[in-house]
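**Student:** Pasting a structure below so you can have a look.
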Ligand SMILES: [Zn+2]
């Protein structure tokens with residue numbers, strides 16, 4: 442990935458530790474998947490992860506991808522997010538509050554720092570905001 446990611450990289454030992462904490466045995470396959478999701482992918486879906494895995498390794502099942510991603514989610518290392526442009530679930534390793542830019546040409550989701558978008562929400566009385574997350578659709582030159 443050429444894009445600089447906002448999340449810190451995890452070493453293979455840290456990945457093993459996190460998998461154990463999440464109640465999963467850190468098998469080679471799970472470590473491979475976790476390394477890809479945490480250190481290399483940007484907002485992958487399970488489908489994206491499986492495609493990458495199949496290109497580089499043989500014999501890693503979709504079930505293994507699912508249970509690894511769910512373990513990472515329960516360990517708080519990724520957030521599952523849905524956007525209204527797709528019925529897929531995307532996994533975000535940037536677990537701090539941020540916005541997204543969707544490149545409609547490529548389908549790529551790019552993190553946008555919350556400081557870069559100002560939302561002026563005028564809500565009806567009695568409503569309070571817990572969180573604002575914005576999806577901007579556009580195209581990158
Ligand atoms: Zn994100």
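In the numbering used here, the protein residues as written are 442 to 582.
From the three backbone atoms N, C-alpha and C, an ideal C-beta is built for every residue, glycine too.
The structure displayed is predicted, hence computed values, not measured ones.
At the level of alpha carbons, what is the spacing between residue 499 and residue 563?
**Tutor:** Numbered from 1 along the chain shown, position 58 holds the residue referred to as residue 499. Numbered from 1 along the chain shown, position 122 holds the residue referred to as residue 563. So the two alpha carbons sit approximately 53 Å from each other.
**Student:** If residue 576 and residue 524 are in contact, beta carbons under 8 Å, what's the gap, nearest whole angstrom?
**Tutor:** Numbered from its first residue, the chain shown carries residue 576 at position 135. Numbered from its first residue, the chain shown carries residue 524 at position 83. Right, the Cβ-Cβ distance comes to about 5 Å (below 8 Å), so this counts as a contact.
**Student:** Using a Cβ distance threshold of 8 Å, determine whether the region 486-495 contacts the region 512-522, with at least three qualifying pairs required.
**Tutor:** The answer is no - the region 512-522 does not touch the region 486-495, with fewer than three Cβ pairs under 8 Å.
**Student:** Would the beta-carbon of residue 480 be found less than 8 Å away from any heavy atom of ligand 1?
**Tutor:** Here residue 480 refers to the residue found at position 39 of the chain shown. Answer for residue 480: no, Cβ out of range of ligand 1.
**Student:** Could you please give the first and the last residue of the uninterrupted beta strand (DSSP E) stretch that includes residue 544?
**Tutor:** The count along the chain shown starts at 1 and reaches residue 544 at position 103. Note, residue 544: beta strand (DSSP E), 540-544.
**Student:** Closer than 8 Å: is that where the CB of residue 541 sits relative to any heavy atom of ligand 1?
**Tutor:** Stepping through the chain shown from its first residue, residue 541 is reached at position 100. Answer for residue 541: yes, Cβ within range of ligand 1.
**Student:** Any idea if residue 473 is buried or exposed, counting beta-carbon neighbours within 10 angstroms, 16 or more meaning buried?
**Tutor:** In the chain shown, residue 473 corresponds to position 32, counting from 1. The residue in question, residue 473, is buried, as its Cβ has 16 or more Cβ neighbours within 10 Å.
**Student:** Indicate the three-state DSSP secondary structure (helix, strand or coil) for residue 486 in the structure shown.
**Tutor:** Here residue 486 refers to the residue found at position 45 when the chain shown is read from its first residue. Strand at residue 486.
**Student:** DSSP on residue 471, reduced to helix/strand/coil?
**Tutor:** In the chain shown, residue 471 corresponds to position 30, counting from 1. Correct three-state label for residue 471: helix.
**Student:** Would you say residue 511 touches ligand 1, meaning its beta carbon is less than 8 Å from a heavy atom?
**Tutor:** Counting from 1 along the chain shown, the entry for residue 511 is found at position 70. Every heavy atom of ligand 1 is 8 Å or more from the Cβ of residue 511, so no.
**Student:** Any heavy atom of ligand 1 closer than 8 Å to the CB of residue 550?
**Tutor:** Counting from one through the chain shown, the residue named residue 550 turns up at place 109. Yes, the beta carbon of residue 550 sits closer than 8 Å to at least one heavy atom of ligand 1.
**Student:** Suppose you measure from the CA of residue 461 to the CA of residue 522; what does that come to, to the nearest Å?
**Tutor:** Within the chain shown, numbered from 1, the residue matching residue 461 stands at position 20. Within the chain shown, numbered from 1, the residue matching residue 522 stands at position 81. When rounded, the distance between both Cα atoms is 24 Å.
**Student:** Suppose contacts are defined by Cβ-Cβ distances below 9 Å. Is residue 544 in contact with residue 550 by that definition?
**Tutor:** By 1-based counting over the chain shown, the position of residue 544 is 103. By 1-based counting over the chain shown, the position of residue 550 is 109. Yes, the pair counts as a contact, with Cβ atoms nearer than the cut-off.
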